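Chemist: Take a look at this one; I'll ask things after.
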Amino acid sequence: MFTITGFADELCNDFEEQMRIWDEMGMKYFELRSAWGTNVMKLTDEMIARIKGIIDGYGIKVSCIGSPIGKTFIEDPIDFEMERLDRACYLADYFGCARVRVFSFYCKEGSILDHRDEVMARLRKMADFAEKRGVELLHENESNIYGQFSKQSAEIAATMKSKYFGLVFDPANYSVAGEDALEAEDEMHPYITYIHVKDYSGKELDMSIPGEGISHIPEVFDRMRDRDLFISMEPHLDHAGQFGGFTAPEKYKVAVKAVRTILDKLGIAWC
Numbered sequence: 014m015f016t017i018t019g020f021a022d023e024l025c026n027d028f029e030e031q032m033r034i035w036d037e038m039g040m041k042y043f044e045l046r047s048a049w050g051t052n053v054m055k056l057t058d059e060m061i062a063r064i065k066g067i068i069d070g071y072g073i074k075v076s077c078i079g080s081p082i083g084k085t086f087i088e089d090p091i092d093f094e095m096e097r098l099d100r101a102c103y104l105a106d107y108f109g110c111a112r113v114r115v116f117s118f119y120c121k122e123g124s125i126l127d128h129r130d131e132v133m134a135r136l137r138k139m140a141d142f143a144e145k146r147g148v149e150l151l152h153e154n155e156s157n158i159y160g161q162f163s164k165q166s167a168e169i170a171a172t173m174k175s176k177y178f179g180l181v182f183d184p185a186n187y188s189v190a191g192e193d194a195l196e197a198e199d200e201m202h203p204y205i206t207y208i209h210v211k212d213y214s215g216k217e218l219d220m221s222i223p224g225e226g227i228s229h230i231p232e233v234f235d236r237m238r239d240r241d242l243f244i245s246m247e248p249h250l251d252h253a254g255q256f257g258g259f260t261a262p263e264k265y266k267v268a269v270k271a272v273r274t275i276l277d278k279l280g281i282a283w284c
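Take a look at the structure:
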């Protein structure tokens with residue numbers, strides 16, 4: 014079964030309004046990346062308690078802590094990221110989701126691929142830390158990080174070789190990077206434990222309704238049909254950029270409906 018979740022902060026900054034719309038769409042999970050315009054790693058204890066009260070009122074749960082951990086330079090000390098990981102694991106426990114999104118570092122000069130050993134050492138330290146906390150790290154690709162392309166993403170997961178380290182498959186991210194999404198899925202298939210749903214139109218940083226672009230959304234779903242997965246809506250229909258996106262509520266509703274329709278046509282159970 015696929016459980017549909019998503020980034021509610023694409024709708025607007027106000028968290029209460031996000032959850033009102035979320036409930037209106039019949040969504041039961043969301044990925045916590047920010048609230049009231051504040052990144053998840055900077056939310057105060059008072060803010061997370063307020064979030065908990067709001068989502069409990071709607072019966073909505075958190076699927077993953079959408080942290081920016083790993084969007085830092087490999088040359089910088091790791092202490093900062095380990096402190097953030099400690100906080101992210103606390104948030105995962107607080108919200109009962111046991112998943113934290115991570116990335117695999119930029120570099121200041123040259124190619125990040127030249128820093129392979131340090132990237133793997135850092136991710137290993139992070140994965141070991143998360144495992145002790147009972148939290149799965151979910152690596153997402155991103156422009157200019159070590160795991161930008163599917164080959165390196167798969168290499169990371171194979172090197173970690175842990176049930177507490179999986180890959181987020183975002184078909185559009187690979188399409189934007191110039192890869193065919195199905196070829197990327199082939200490379201990463203054994204390690205995919207979570208999917209982000211956006212569909213690249215083929216034009217510069219322009220996204221389509223899921224199923225209407227070049228990122229093979231229906232085919233990706235079909236290949237994953239035997240897995241119990243969260244599929245996370247991140248449509249980016251009004252604005253798409255390296256550091257986030259925006260989708261107006263009515264367009265977001267269209268995207269969610271499109272995904273549900275695709276799953277129904279494929280005969281894949283969803284909730």
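With our numbering, the residue at position 138 of the sequence shown is 151, and numbering never jumps. Where is the CB? At the ideal position from N, CA and C, for every residue including glycine. Predicted model only: the values in this text are computed from it and were never measured.
State whether the stretch 200–216 contacts the stretch 172–185, with contact taken as three or more CB pairs (one from each stretch) at a distance under 8 Å.
Modeler: Yes: at least three Cβ pairs fall under 8 Å.
Chemist: Which partner residues of residue 242 appear in the DSSP bridge assignment?
Modeler: 15
Chemist: Ends of the beta strand (DSSP E) at residue 138?
Modeler: Element bounds for residue 138: not the beta strand (DSSP E) but the alpha helix (DSSP H), 129–145.
Chemist: Pairs of beta-carbons, one from the stretch 145–152 and one from the stretch 107–116, closer than 8 Å: are there three or more?
Modeler: yes
Chemist: Could you tell me which whole beta strand (DSSP E) segments of length 3 or greater appear in the stretch 48–132?
Modeler: 74–78, 112–115
Chemist: Looking only at C-alpha atoms, which of 239, 20, 124, 55 sits nearest to residue 44?
Modeler: 20
Chemist: Given a threshold of 16 other Cβ atoms within 10 Å of its Cβ, counted over all protein chains shown, does residue 102 qualify as buried or as exposed?
Modeler: Around the beta carbon of residue 102, a 10 Å sphere encloses 16 or more other beta carbons of the protein chains shown; the residue is thus reported as buried.
Chemist: What are the start and end residues of the alpha helix (DSSP H) that includes residue 20?
Modeler: From DSSP, residue 20 is part of no alpha helix (DSSP H); its letter is neither H nor E.
Chemist: Residue 87 and residue 262 - do their beta-carbons sit closer together than 8 Å?
Modeler: In terms of Cβ geometry, residue 262 and residue 87 do not form a close pair [threshold 8 Å].
Chemist: Check the C-beta distance from residue 179 over to residue 204 and give it rounded, since I have them as a contact under 8 Å.
Modeler: 6 Å
Chemist: Which runs of the beta strand (DSSP E), 3 residues or longer, sit entirely within the stretch 181–218?
Modeler: 205–210
Chemist: Helix, strand or coil, according to DSSP, for residue 220 in the structure here?
Modeler: strand
Chemist: Return the chain-ordered list of same chain residues with a C-beta closer than 6 Å to the C-beta of residue 215, the five sequence neighbours on each side being excluded.
Modeler: 227
Chemist: What does a CB cutoff of less than 6 Å around residue 189 pick up in its chain, not counting 5 residues either side in sequence?
Modeler: 213
Chemist: Can you tell me which of 128, 158, 124, 15 puts its alpha carbon nearest to the alpha carbon of residue 81?
Modeler: Answer by Cα proximity: 158.
Chemist: Could you check if residue 126 is buried or exposed, using at least 16 other CB atoms within 10 Å of its CB as the buried criterion?
Modeler: exposed
Chemist: Which residue comes first and which comes last in the alpha helix (DSSP H) that contains residue 276?
Modeler: Counted as a single uninterrupted DSSP element, the alpha helix (DSSP H) harbouring residue 276 occupies residues 262–279.
Chemist: Here's the rule I'm using: 16 or more other beta-carbon atoms within 10 Å means buried, otherwise exposed. How should residue 93 be labelled?
Modeler: exposed
Chemist: For residue 42, which of helix, strand or coil comes out of DSSP?
Modeler: strand
Chemist: Please name the residue in 231, 174, 166 whose C-alpha comes closest to that of residue 275.
Modeler: Selected option, being the one with the closest Cα: 231.
Chemist: Excluding five sequence neighbours on each side, which residues of the same chain lie with their C-beta closer than 7 Å to the C-beta of residue 107?
Modeler: 61
Chemist: Between the stretch 152–171 and the stretch 193–204, can you find at least three pairs of beta-carbon atoms closer than 8 Å?
Modeler: Three or more beta-carbon pairs separated by less than 8 Å link the stretch 193–204 to the stretch 152–171, which places the two stretches in contact.
Chemist: Among all the DSSP beta bridges, which residues are the ones paired with residue 149?
Modeler: 112
Chemist: What is the DSSP secondary structure of residue 160, reduced to helix, strand or coil?
Modeler: helix
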